[in-house]
Amino acid sequence: MTGPATDPTRGRDEVASATEALVANWIVPEVIPQGICTAIVPGTECLDGARLLARTLHTVVLRSRPRTLVLVASGPGQVARIRATGNLATTLGDVPIDERLAARIASFWPDEIDIIPDGEDEESLPTLHRIGPLLAQVLVPGCRIVPIQIPAAPKLEFDPVEVGREMGRQLKSEVGCYLIASGTLFPRDTQEPDSVGTRTAAQEVSEDASILKYLLEPEIEELAERLSESGLLNGSAMLLATAYAIECERRRGHLLEHGVVESDGHHFGAAAVVL
143 MTGPATDPTR GRDEVASATE ALVANWIVPE VIPQGICTAI VPGTECLDGA
193 RLLARTLHTV VLRSRPRTLV LVASGPGQVA RIRATGNLAT TLGDVPIDER
243 LAARIASFWP DEIDIIPDGE DEESLPTLHR IGPLLAQVLV PGCRIVPIQI
293 PAAPKLEFDP VEVGREMGRQ LKSEVGCYLI ASGTLFPRDT QEPDSVGTRT
343 AAQEVSEDAS ILKYLLEPEI EELAERLSES GLLNGSAMLL ATAYAIECER
393 RRGHLLEHGV VESDGHHFGA AAVVL
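Numbering of the sequence shown is given in the numbering used here, commencing with residue 143 and proceeding in unit increments.
Below, the structure written as structure tokens:
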């Protein structure tokens, strides 16, 4: 596969075979326990981002048997939004919304939340809401989805930690419910190699590790503080997912893979983590 995984010019067979190739020879680490309930992925459409998501979905299938994927991604708006009815269209066909679960989430959401109308332009969706359903059709056949878009950063009127905790309290008893959140790590330098101030690869990895350690040994207050210090602009989904996992009594995260992804011409550190 080259280019965006969601390229609309791709045919059904090409997309399906390319998706299967992303997990070819991928062996789920034995340390990953049964019953994981949360994942954090970059959610980008580049090849490396698609690979991280595909291997995460493959791991989820073998360790959790998901029925519904709750896809949480950040966006430019000031208010959270949820798609509660209908389907999402992909190259491989329509993916149904889990309308019962979406209605339940909207009913207990502790802050303001808007309903995304049917027929809204798919191109305006966060990338996780485009590539997630597409890959799931191949790797998690038959699953339903609940796409949720949240503000990119914590705000006075939106607390991702509070929302994540409430989702955990309400959904921990939902059999087959699996939450996937998107978020990238630190940007990679685009300066020339001899430019003054250019970070080394080791420094870049160390910066990513300063975030990852609070996902692998979940500590929500420390993660929130580090994200605030870092200036990363898309930390809300990570915070929500970590709070959700802790509320569901998941005390350890597992790193599937760490790498670099591309989005809108820029490169970022990225990781696939399951809890």
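Idealized CB from N, CA, C, for every residue including glycine.
Beta-carbon spacing of residue i, residue j below 8 Å
{"i": "residue 380", "j": "residue 369", "result": "yes"}
{"i": "residue 178", "j": "residue 202", "result": "yes"}
{"i": "residue 154", "j": "residue 211", "result": "no"}
{"i": "residue 350", "j": "residue 287", "result": "no"}
{"i": "residue 165", "j": "residue 200", "result": "yes"}
{"i": "residue 394", "j": "residue 354", "result": "no"}
{"i": "residue 296", "j": "residue 378", "result": "yes"}
{"i": "residue 275", "j": "residue 237", "result": "yes"}
{"i": "residue 260", "j": "residue 221", "result": "no"}
{"i": "residue 258", "j": "residue 209", "result": "no"}
Residues sharing a beta bridge with residue i, DSSP
{"i": "residue 386", "result": "Beta-bridge pairing links residue 386 to no other residue."}
{"i": "residue 320", "result": "211"}
{"i": "residue 235", "result": "232"}
{"i": "residue 216", "result": "292"}
{"i": "residue 397", "result": "415"}
Close-in-space but distant-in-sequence residues of the same chain around residue i (CB under 6 Å, 5 per side omitted)
{"i": "residue 309", "result": "386"}
{"i": "residue 289", "result": "213, 225, 271"}
{"i": "residue 181", "result": "198, 322, 416"}
{"i": "residue 243", "result": "210, 288"}
{"i": "residue 300", "result": "253, 293"}
{"i": "residue 400", "result": "413"}
Beta-carbon contacts of residue i that lie in its chain and below 7 Å, excluding the five residues immediately before and after
{"i": "residue 250", "result": "308, 312"}
{"i": "residue 183", "result": "194, 195, 198, 322, 324, 414"}
{"i": "residue 356", "result": "364, 365, 368"}
{"i": "residue 346", "result": "328, 330, 411"}
Through-space distance from residue j to residue i, alpha-carbon basis
{"i": "residue 335", "j": "residue 341", "result": "Here the model assigns residue 335 a pLDDT of 48, short of 50, so the residue's position is not dependable and the matter cannot be decided."}
{"i": "residue 219", "j": "residue 231", "result": "23 Å"}
{"i": "residue 172", "j": "residue 389", "result": "24 Å"}
{"i": "residue 264", "j": "residue 187", "result": "14 Å"}
{"i": "residue 229", "j": "residue 344", "result": "44 Å"}
{"i": "residue 360", "j": "residue 174", "result": "16 Å"}
{"i": "residue 407", "j": "residue 372", "result": "21 Å"}
{"i": "residue 382", "j": "residue 348", "result": "23 Å"}
{"i": "residue 375", "j": "residue 246", "result": "29 Å"}
{"i": "residue 262", "j": "residue 176", "result": "37 Å"}
{"i": "residue 253", "j": "residue 167", "result": "43 Å"}
{"i": "residue 291", "j": "residue 405", "result": "18 Å"}
{"i": "residue 317", "j": "residue 268", "result": "26 Å"}
{"i": "residue 170", "j": "residue 352", "result": "25 Å"}
{"i": "residue 315", "j": "residue 248", "result": "17 Å"}
{"i": "residue 227", "j": "residue 266", "result": "17 Å"}
Whole-Å CB distance - residue i paired with residue j, under 8 Å assumed
{"i": "residue 384", "j": "residue 362", "result": "6 Å"}
{"i": "residue 320", "j": "residue 206", "result": "6 Å"}
{"i": "residue 273", "j": "residue 192", "result": "6 Å"}
{"i": "residue 162", "j": "residue 280", "result": "6 Å"}
Chain C contact for residue i (CB, 8 Å cutoff)
{"i": "residue 211", "result": "This model lacks chain C altogether; it includes just one protein chain."}
Same chain, Cβ closer than 8 Å to residue i, neighbours up to 5 away in sequence not counted
{"i": "residue 402", "result": "190, 330, 409, 410, 411, 412"}
{"i": "residue 278", "result": "199, 211, 237, 285, 287"}
{"i": "residue 392", "result": "178, 179, 180, 360, 417"}
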